[in-house]
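In what follows, a structure is listed as structure tokens, so that the remarks can point back to it.
Structural data, given as structure tokens:
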């Protein structure tokens, strides 16, 4: 109980009755809302409420009708509303609904003053948007307690708005950062794609087709070729472990070591007299890359690679397979052959041994180097395409030109995975050998 004596009461619907006996109610109230609207068609009841509210420290507006109250709410931010239920033209619940429909930025705590107390009437008031009720006759202590409850709700609401503003501001900054990052990654993707400048290369002895489809913006796959001499070319397919920016950066570094534009930096070539370059044994090249990766690059990433040197006159192809998927050899009228015995990835252990093997190409042969993003592509049930699925496709696509075949392969992968956003980078090199020049 607030007082040891019975609390005086008032009934706003009966103006002849004293409204309140305020004795025993404290005037102090830190952090009170600044503005309260009192709406009542009884002038005496408005004044009685307003006088005490001002004594408690509130800034009070008075309205003798719901229409006038709505105008005040439209022109000003109102924190608390005390409204009588029974008023001409517009009742308290109707006023509350109209107030809620104003869509004010700040929440207004709405208290209905009423002599109605049935459950149906309470439900009607709550459904109109009212926050609380004071059943007449109202004690001063109960009124004070309900106001304080409203203040707590308003403070929590204000704190929530402040926090939401902080969250929204933070989200906007994050969005800007994401947009900037997304732009940078898009530029990085274009840069990585530029490592495969030509995707359809033709020369008298054959044709090369290249396709690189990163998973996400950038990836760790790379396919390419380089000229050794007039009658020799190098082919490679590599796959750096992991995904994303770090893998892409390492891929770009490796691209420089197999560059066809700067022979002096190409680790697959060796300078001889008169400024000329000849091909090194592919196994020696990969062995040096292994030591370089462990000694200088200081990374936890490793990579797999298939590297071939092809003599276009004799058709002799010398290849090293280092943990990469088997190179595929297609001969007309014959079953697909998988070349190599696997080998160890590059960058795992020092002084790893790598071995080259030879393949004699014949006119009409097709050689395919690819990453495991093709054979390990999964359908929604988790079933991989695997080598059998790739070989079935290659058998059906044997007579397709390389660019058409690679487009059909991507369509096949999309049909298998049910998405165009593959879980791993997809890369493929197709070399069609037409035989030596006449």
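Numbering (the numbering used here), first residue to last: 525 to 962. Built from N, CA and C at the ideal position, the CB exists for glycine as well. Being a predicted model, the structure only gives us computed values, none of them experimental.
Close CB contacts of residue 751 within its chain, under the 7 Å cut and outside five residues either way in sequence, are with 757, 784 (chain order).
Contact between residue 603 and residue 678 is confirmed by a C-beta separation of about 6 Å, below the 8 Å threshold. Annotated three-state conformation of residue 882 is strand, per DSSP. At the C-beta level, residue 951 and residue 745 come within 7 Å of one another.
A residue is called buried once 16 or more other Cβ atoms fall within 10 Å of its Cβ, and residue 838, having fewer, is exposed. For the segment 611-668, the full-length beta strand (DSSP E) segments reaching 3 residues or more read 633-638, 656-659 along the chain.
Restricted to the segment 789-839, the alpha helix (DSSP H) segments that are unbroken, complete and at least 4 residues in length are 806-816, listed in chain order. In the same chain as residue 861, and ignoring 5 residues on each side of it, the C-beta atoms closer than 7 Å to its own belong to 853, in chain order. According to the DSSP secondary-structure assignment, residue 559 is paired through a beta bridge with 583. The continuous beta strand (DSSP E) containing residue 731 extends over residues 730-737. For residue 747, there is no enclosing alpha helix (DSSP H); the residue is part of the beta strand (DSSP E) that begins and ends at 745-753. In the structure shown, residue 888 falls within a coil segment according to DSSP collapsed to helix, strand and coil. The Cβ atoms of residue 634 and residue 655 sit closer than 7 Å to each other. Inside the segment 845-933, DSSP marks whole beta strand (DSSP E) runs of 3 or more residues at positions 852-854, 880-884, 890-894, from first to last along the chain. Contact between residue 782 and residue 748 is confirmed by a C-beta separation of about 7 Å, below the 8 Å threshold. Taking 7 Å as the cut-off, the beta carbon of residue 847 is found closer than this to the beta carbon of residue 867. Under DSSP, residue 774 forms no beta bridge with any residue. In this structure, residue 754 and residue 806 do not form a Cβ contact; the two beta carbons are roughly 20 Å apart against a cut-off of 8 Å.
Residue 954 carries a strand assignment under DSSP once its states are collapsed to helix, strand and coil. Taken through DSSP and simplified to helix, strand or coil, residue 769 comes out as helix.
Remark: C-beta atoms of residue 887 and residue 942 do not approach each other more closely than 7 Å. DSSP places residue 782 in the coil class of the three-state scheme, outside both helix and strand.
The beta carbons of residue 885 and residue 729 sit no closer together than 7 Å. If you draw a 10 Å sphere on the C-beta of residue 663, you find 16 or more other C-beta atoms in it, and that means buried.
DSSP, reduced to helix, strand and coil, places residue 601 outside both helices and strands of the structure shown, so it counts as coil.
Annotation: the continuous beta strand (DSSP E) that includes residue 760 extends over 756-764. Burial is judged here by how many other beta carbons sit within 10 angstroms of a residue's own beta carbon; residue 857 has fewer than 16 and is exposed.
Note on geometry: alpha-carbon atoms of residue 600 and residue 561 lie some 10 Å from one another. Boundaries of the beta strand (DSSP E) harbouring residue 727: 724-727, taken from the DSSP string.
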